[in-house]
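A quick write-up on the structure given underneath.
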Amino acid sequence: MRRAAFLDRDGVINIDRGFVIRVDEFEFVPGVLAAARAIAARDYALVVVTNQSGIGRGLYSEEEFLALTQWMHECFAAAGAPLAGVYFCPHHPTHGLGAYRVACDCRKPGPGMLLQAAKELQLDLARSILFGDRNSDLVAARLAGVPHRILLGVDGRADPRDDEDSGEATARFRSLAAAVASPWWQGMNPSSAASIRA
6 MRRAAFLDRD GVINIDRGFV IRVDEFEFVP GVLAAARAIA ARDYALVVVT NQSGIGRGLY
66 SEEEFLALTQ WMHECFAAAG APLAGVYFCP HHPTHGLGAY RVACDCRKPG PGMLLQAAKE
126 LQLDLARSIL FGDRNSDLVA ARLAGVPHRI LLGVDGRADP RDDEDSGEAT ARFRSLAAAV
186 ASPWWQGMNP SSAASIRA
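Per my numbering, the very first residue in the sequence shown carries number 6; after that it's consecutive.
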């Protein structure tokens, strides 16, 4: 069973502009693809887990989300950091429309997406990491049994906000690139010689 590096999307992979759905709106956080390549080089399965209530709110369709996701897959693969999977929750308990208005266990802070990924991709959650920019990401990881819960700053532009850390984080960094460049990453992977240079 492989260990996984779970990545939130908006604010961690791409600049969070709110309900990003088109390629021309999607801007990668600086250094994220090179950092993902360094993580993949240490035999972590890269798995994106993302709340996408814009679908449930009727702002865009699942088909539009999947088209953007396919493009994102291609970008990661071209960077040498192929994604093992992308899991998304389209629901919202109060703002969802029709069947999307549901209190589910897949919407973070629920652990459902991580548990589904572990089952389908044969992942060892006890050896895995999650990188997120919100407390809900970290809670989902804890509930799924992921021991390494890394809080990042939104969009990699500032250190993590204190109000997003309720004690769930096991480490804190400005961005995914900063995490992989840190002594913490070397301690996690002492034999790592992977470069995060673009």
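Note that the Cβ used here is the ideal one computed from N, Cα and C, for glycine as well.
- In this structure, residue 102 keeps its C-beta atom at 8 Å or more from the C-beta atom of residue 26.
- In its chain, beyond the 5 residues on either side, 38, 42 have a beta carbon closer than 6 Å to the beta carbon of residue 84.
- For the stretch 93–122, there is no continuous beta strand (DSSP E) assignment of 3+ residues that stays within its boundaries.
- According to the DSSP secondary-structure assignment, residue 153 is paired through a beta bridge with 134.
- It is roughly 36 Å from the alpha-carbon of residue 99 to the alpha-carbon of residue 82.
- Per DSSP, residue 28 lies in no beta strand (DSSP E) segment and is marked neither H nor E.
- As DSSP reads the structure, residue 178 sits in a beta bridge with 157.
- Here residue 143 really is in contact with residue 173; their C-beta atoms are around 4 Å apart, less than 8 Å.
- Residue 52 is not a Cβ neighbour of residue 131, given a cutoff of 8 Å.
- Excluding its 5 nearest sequence neighbours in each direction, residue 21 has C-beta neighbours in its own chain below 7 Å: 15, 159, 160, listed in chain order.
- By the neighbour-count criterion, in which 16 or more other beta carbons inside 10 Å mark a residue as buried, residue 192 falls on the exposed side.
- Between residue 114 and residue 145 the beta-carbon gap is near 5 Å, inside 8 Å, which marks them as a contact.
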